[in-house]
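Here's the structure, in structure tokens; my notes come after.
Numbering (this note's numbering), first residue to last: 2 to 439.
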């Protein structure tokens, strides 16, 4: 696909007043869409932030959807050109695959984490958009994916990356892991250049030291007690679970603010008033969805992360924890994906209520990773906290693109195969010398 350059660049000193105003509106809108999502972002809010009258927006855009289209297009178009230019410059300079990969990762993260809100607004909102809106932006997204697939196919042909990995899921995994960094990156703590270099090394070489690398899947995929899943044994419990599942699906598709009790009732095929018998408010329902999406995960996987007696080999312990995280993730798909999609756009008071469980789960991973690092199983040049954030983010983003029901179709992975791939990618890396026989 021939992608034209971005035409909504920042205006220079010679720009007309209308161009300056248009750019101010787009910049304000990008921040609103990034922070709040599409639904809660109103034209009045955008106008106030941009410093224009609400009615003045209509001189430049016919609707909020038109503004949204412009923001999404700008976010991805800038990213596309920045990453393509990095690849082309490397090709002209005769760089090898590793150098090209590092530079493309760096440019992706610069536009995601540093340059502006446009790229982040695109990534955060795309999965919750109506189909007709997504279809308008799909050609550009496919063109961007093509840049990475071309690089990976070339590396595969030249023996630079392992031959046991299919390129399409590898590209999904790679971009998902990078995109999730927008949810936790803090520029005051981690410079973009340092994070991009670490991310590239982690993807290429994995987190294990060379002497600890071995093929996956491991012989023991990991203990996962089926009893950790709550069972709905009574009629009331089954009804409550049905409401929760319906609410999670609506919130996953629309975000919290746009998810009304009427919509949730429609999804559940119930009268709206009947829901209040089980949940006193939408916020109460949200709390239950978020709790359900995380508590079973934290309880089940933490058992593995702390069980050094059962897993004296730290690399196999990490592989077992990855397995358990993924199995809970997809066993509770509607809850975990709703949690993942909404959390960054929720008010602080709601996030604060759920922070203790999230911190407890993070602490379990940190303890396991630190123990593995102390035992010289994982590389000493990775800081534990960003390593954990990258690892969990890479796993979590899988729900945005992977469908286990397609396993065995169209050269697609099953869930077990996907878990084995993620174990190997995160622990061993994708490079030819990453611990697997090509």
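Backbone N, C-alpha and C define an ideal beta-carbon position, used for all residues, glycine too.
Small disclaimer: the values here were computed from a predicted structure and weren't measured.
Simplified DSSP state of residue i, which is helix, strand or coil
i           : result
residue 432 : strand
residue 306 : helix
residue 347 : coil
residue 130 : coil
residue 166 : coil
residue 323 : helix
residue 379 : strand
residue 283 : helix
residue 220 : With a pLDDT of only 43 at residue 220, under the threshold of 50, the placement of this residue in the model should not be trusted; the figure read from the coordinates follows. Residue state, collapsed to three classes: coil.
Top-ranked residue by Cα proximity to residue i, from the options
i           : options               : result
residue 201 : 211, 106, 139 and 210 : 106
residue 177 : 124, 56, 315 and 189  : 124
residue 168 : 146, 184, 185 and 183 : 146
residue 89  : 104, 382 and 317      : 104
residue 258 : 370, 41 and 311       : 41
residue 32  : 290, 148 and 114      : 114
residue 51  : 23, 425 and 289       : 23
residue 283 : 302, 313 and 252      : 252
residue 383 : 403, 191, 324 and 112 : 191
residue 35  : 94, 63 and 183        : 183
residue 305 : 291, 320, 18 and 102  : 320
residue 347 : 72, 38 and 399        : 38
residue 417 : 54, 194, 397 and 328  : 328
residue 118 : 427, 76 and 187       : 76
residue 29  : 72, 64, 19 and 298    : 72
residue 59  : 27, 309, 342 and 352  : 27
residue 308 : 379, 353 and 365      : 365
residue 429 : 53, 199 and 208       : 208
residue 291 : 170, 238 and 353      : 353
residue 66  : 109, 98 and 126       : 126
residue 423 : 20, 210, 81 and 165   : 165
residue 324 : 377, 406 and 397      : 397
residue 294 : 261, 273, 341 and 312 : 341
residue 121 : 186, 206, 369 and 404 : 186
residue 193 : 74, 272, 108 and 380  : 108
residue 380 : 311, 274, 214 and 163 : 214
residue 143 : 361, 270, 81 and 349  : 81
Rounded C-alpha distance that separates residue i from residue j
i           : j           : result
residue 278 : residue 286 : 12 Å
residue 334 : residue 389 : 21 Å
residue 437 : residue 322 : In this predicted model, residue 437 has a pLDDT of only 39, less than 50, meaning its place in the structure is not dependable enough to derive any value.
residue 175 : residue 159 : 20 Å
residue 296 : residue 180 : 24 Å
residue 61  : residue 47  : 13 Å
residue 197 : residue 432 : 17 Å
residue 68  : residue 357 : 38 Å
residue 443 : residue 70  : Here the chain has residues from 2 to 439 only, and residue 443 is not among them.
residue 255 : residue 130 : 8 Å
residue 367 : residue 386 : 7 Å
residue 326 : residue 302 : 6 Å
residue 189 : residue 111 : 14 Å
residue 420 : residue 344 : 24 Å
residue 85  : residue 173 : 18 Å
residue 400 : residue 331 : 7 Å
residue 57  : residue 280 : 42 Å
residue 79  : residue 148 : 14 Å
residue 250 : residue 102 : 37 Å
residue 54  : residue 44  : 10 Å
CB contact check: residue i to chain D, cutoff 8 Å
i           : result
residue 170 : Absent here is chain D; the protein component of the structure consists of one chain.
Residue i CB to nearest heavy atom of the ligand NAD below 7 Å
i          : result
residue 31 : Among the ligands in the structure shown, none appear at all, so the ligand NAD cannot be discussed.
Kindly confirm or deny that the segment 136 to 143 and the segment 239 to 252 touch, where touching means at least three C-beta pairs closer than 8 Å.
-> no
Count the CB pairs spanning the segment 361 to 377 and the segment 310 to 321 that are closer than 8 Å, and state whether there are at least three.
-> yes
Which parts of the segment 143 to 204 are runs of the alpha helix (DSSP H), unbroken and 4 residues or longer, counting only runs that do not cross its ends?
-> 168 to 181
Ranges of the alpha helix (DSSP H) found wholly within the segment 229 to 260, counting only runs of at least 4 | 236 to 255
Complete beta strand (DSSP E) runs within the segment 65 to 124 (minimum length 3 residues, chain order) | none
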